[in-house]
Amino acid sequence: MSNLLVNTRDQQFVLFEQLNMEKLFASKVFSGFSKDDVLMMQNEAEKMALNEILPTYAEGDKIGCELKDGKVHVPACFKAPYKKFVEGGWSCSMRSPDVGGQGIPILLATAYSELFDAANFAFMMYPGLTNGAAGLIEKFGTEEQKTKYMYKMYSGEWTGTMCLTEPNAGSDVGALRSSAKRLPDGTYSITGTKCFISCGDHDLTDNIIHPVLARIEGDPPGTEGISIFIVPKYRVKDDGSLGEFNDVKTGNVEHKMGIKGSATCTLNFGDEGKCIGELLGKERQGMRIMFNMMNEARLEVGMQSLAHASAAYEHAVQYAKERIQSTPVWEMKNPDAKAVAILQHPDIRRKLLLMKAYVEGIRALNYFAAFCMDMERVVEKAEDKEKWQGFVELLTPICKAYSSDTAVKVCSMAIDVYGGYGYCSEYPVEQYLRDCRIAPIYEGTNGIQSLDLVGRKLAQRKGMNTMNMFGEINATIANAKQIDDLKKSAVYLEEANNAVIDLTLHFAQLGKSAAFLLPILNAAPYLEIFGDVIMGHFLLQAAAVAEEKLQAIYAAKGAEESKGKQRGLVHKDADVAFYTGKVSVAKFFAVNVLLTVKARCEAIKVGDKTPIEIADESFAS
Ligand SMILES: Cc1cc2nc3c(=O)[nH]c(=O)nc-3n(C[C@H](O)[C@H](O)[C@H](O)COP(=O)(O)OP(=O)(O)OC[C@H]3O[C@@H](n4cnc5c(N)ncnc54)[C@H](O)[C@@H]3O)c2cc1C
């Protein structure tokens, strides 16, 4: 029975059958874990998601956050689940037991975060940001700072934020104006305004710890001159108890399209000259340090996107099975024909199959990124560590941007499946689209992600990371070519992959010529095309695994020679239905998406510069 949020069978497939997660348990780092542990935690996470978090979804959206007498109040329904969530140890389970975590693989934490995020991402932002902010203190803080702040953040007693954006410094963080003045005791006086700060103020916990980017007076302009400070809402005394208010005032809480339960705040630091910050790390290392949290957060946005797409898809499938409307097209001339469930209409089936492809593809992509982070810890040789870390570097902008753009499409298609009802708040899919719509924007817009991919990531380590990814894709192609049913799809993936390799080399050559603007202009379509090929790779890799499983089942049931018997089994055997679905989705994606890749690459190579050449005045109506 579907939980209407996440297909837990598919989660298990990706973890164990596609990525072979058990490889991790053979290492010293994760030797204490087994498949049974993973299944048990997945089961517990599903219960937590369904019983505690999901009931806050619609209510949190309806009530939203309110600024009253200078304080932000979150939806009251968040309070009890938040307590249960942190008491259950869910908030920092992938961190080391030394700091209060359970040291579980990031891949496992990723899998169960999908369930939580699908249940209510606005709620999950509070523990999510806290985990990231505490991680910065763990990595760059002094022992004193860890004792003072980190443990209480990991335990969920206090929460954290990330404070980068200012009214005049959004995508261009280097333009920030917040400033820090050295004080005789080694602390800093902080002044400035940060806007759009998620979970910036709330009444879930007694204290909030803000990592704040600011420029120390006299330091150079741009990102090189930025430092990072730990700024608590309430100062913390030496014995760990709360001291006086630290002059961090909430100027506003935004009224937004979605994730309404997450308080998006304008924070004014030091209006009265009484805001004290502690330097985190060294002076002028702020951006380098904050990037650690930003990269984690970008992957988290990938997971938010997957979770919303997954929940929207699961709901759409269920609705399509129940909603009776219109007679089938092949009964057009039969006046006695009866209306059928909309799942029977070709256009609905096509939509659902594309949604399924995107959901399963971005699940494999995001889980693979998490798996790479675990593998980087598990392998011993420096070159192996570089390889796994290289995948994470390359895939981070793709996980963030491709997953979020795709998720918005999936949520929008879910509304189409519901028809007019999908547009109404009585059904949950319109909220999925509203909540998901922020994902392409924050944590660096998708436009900025694509520039990061094309301008920086492709060439990292002399292009080795990119070559390794193409190598993975080629291995999938070679394997699938050995399987009769997948040969054609493998050829389509090969053609698409070759076209992307060719375009990548073309970009590399242009980098040295006057036409260097072309890759910048086409960074977003390039990311989408590369993302499509990576989807094709993961879907085909999954289909090859599924084919092997299917052949084993057919052999066990005496159906290896009979297509008729095999088709019959789809309706009787859940595994056959599942694995057949994997094969179908890969083939569908190969024909309908991968076959368009070469043409899209050729279109970019034409070198059209119209968007640059068109006069500003011509944009006006
Ligand atoms: C709900 C919500 C929560 C948020 N949470 C946080 C948070 O917790 N902490 C935090 O610090 N910030 C947060 N933000 C801010 C968010 O990260 C920024 O909104 C985002 O980075 C974009 O900045 P901006 O809004 O100023 O847009 P701008 O930077 O003005 O960009 C506008 C458009 O121009 C494009 N653009 C800008 N520069 C370039 C360029 N060089 N090349 C190509 N295109 C460009 C952008 O891609 C975008 O499409 C949040 C925002 C929202 C709405």
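So the number in the working numbering is just where the residue sits in the sequence shown, counting from 1, plus 7. Built from N, CA and C at the ideal position, the CB exists for glycine as well.
Mapping DSSP to helix, strand and coil, what is residue i?
{"i": "residue 513", "result": "helix"}
{"i": "residue 529", "result": "coil"}
{"i": "residue 23", "result": "helix"}
{"i": "residue 34", "result": "coil"}
{"i": "residue 329", "result": "helix"}
{"i": "residue 568", "result": "coil"}
{"i": "residue 64", "result": "helix"}
{"i": "residue 483", "result": "helix"}
{"i": "residue 256", "result": "strand"}
{"i": "residue 312", "result": "helix"}
{"i": "residue 536", "result": "helix"}
{"i": "residue 80", "result": "strand"}
{"i": "residue 274", "result": "strand"}
{"i": "residue 637", "result": "Beyond the ends of the chain as shown, which are 8 and 628, falls residue 637; an answer cannot be given."}
{"i": "residue 198", "result": "strand"}
{"i": "residue 181", "result": "helix"}
{"i": "residue 167", "result": "strand"}
{"i": "residue 303", "result": "helix"}
{"i": "residue 624", "result": "helix"}
{"i": "residue 176", "result": "strand"}
{"i": "residue 574", "result": "helix"}
{"i": "residue 490", "result": "coil"}
{"i": "residue 16", "result": "helix"}
{"i": "residue 107", "result": "coil"}
{"i": "residue 9", "result": "coil"}
{"i": "residue 3", "result": "Because the chain in this structure spans residues 8 to 628, residue 3 falls outside the shown range and cannot be described."}
{"i": "residue 544", "result": "helix"}
Give me, in chain order, the residues of the same chain whose beta-carbon lies closer than 7 angstroms to that of residue i; leave out the 5 immediate sequence neighbours on both sides.
{"i": "residue 135", "result": "307"}
{"i": "residue 377", "result": "113, 114 and 117"}
{"i": "residue 576", "result": "564, 566 and 583"}
{"i": "residue 12", "result": "56, 122, 125, 126, 317, 318 and 321"}
{"i": "residue 100", "result": "108, 109, 111 and 116"}
{"i": "residue 475", "result": "394, 397 and 398"}
{"i": "residue 310", "result": "117, 120, 121, 124 and 373"}
{"i": "residue 296", "result": "143, 147, 235, 287 and 288"}
{"i": "residue 275", "result": "200, 256 and 258"}
{"i": "residue 546", "result": "364, 367, 368, 592, 593 and 596"}
{"i": "residue 3", "result": "Since the displayed the chain opens at 8 and closes at 628, residue 3 lies outside it and no answer follows."}
{"i": "residue 36", "result": "384 and 385"}
What are the boundary residues of the beta strand (DSSP E) that includes residue i?
{"i": "residue 188", "result": "186-189"}
{"i": "residue 286", "result": "283-286"}
{"i": "residue 608", "result": "Segment 604-612 is the alpha helix (DSSP H) holding residue 608; no beta strand (DSSP E) there."}
{"i": "residue 73", "result": "73-75"}
Within its chain, find whatever has a CB closer than 8 angstroms to the CB of residue i; leave out the 5 residues flanking it on each side and keep chain order.
{"i": "residue 73", "result": "79, 80 and 260"}
{"i": "residue 224", "result": "186, 187, 188 and 189"}
{"i": "residue 435", "result": "64, 65, 318 and 322"}
{"i": "residue 419", "result": "440"}
{"i": "residue 4", "result": "Summary: the structure shown does not reach residue 4, with the chain confined to residues 8 through 628, and so no result is reported for it."}
{"i": "residue 209", "result": "72, 79, 80, 81, 133, 166, 215 and 270"}
{"i": "residue 453", "result": "407, 408, 411, 412, 447, 531 and 534"}
From which residue to which residue does the alpha helix (DSSP H) around residue i run?
{"i": "residue 440", "result": "436-443"}
{"i": "residue 523", "result": "Unbroken run through residue 523: none, as it is neither H nor E."}
{"i": "residue 114", "result": "113-147"}
{"i": "residue 46", "result": "42-54"}
{"i": "residue 599", "result": "581-599"}
{"i": "residue 458", "result": "453-459"}
{"i": "residue 90", "result": "86-94"}
{"i": "residue 617", "result": "617-620"}
{"i": "residue 161", "result": "158-161"}
Kindly list the residues whose CB is nearer than 6 angstroms to the CB of residue i, restricted to its own chain and excluding five residues on each side of it in sequence; keep chain order.
{"i": "residue 640", "result": "Because the chain in this structure spans residues 8 to 628, residue 640 falls outside the shown range and cannot be described."}
{"i": "residue 514", "result": "526"}
{"i": "residue 383", "result": "392, 395 and 396"}
{"i": "residue 300", "result": "139, 143 and 169"}
{"i": "residue 459", "result": "404"}
{"i": "residue 542", "result": "368"}
{"i": "residue 212", "result": "165 and 166"}
Next on the checklist: Report the start-end ranges of each alpha helix (DSSP H) in the segment 346-426 that is 4 residues or longer and not cut off at the edges.
Outcome noted: 353-385 and 389-425
Item to check | Contained beta strand (DSSP E) runs [length at least 3] in the segment 202-251, N- to C-terminal order | outcome: 215-223, 233-239 and 241-243
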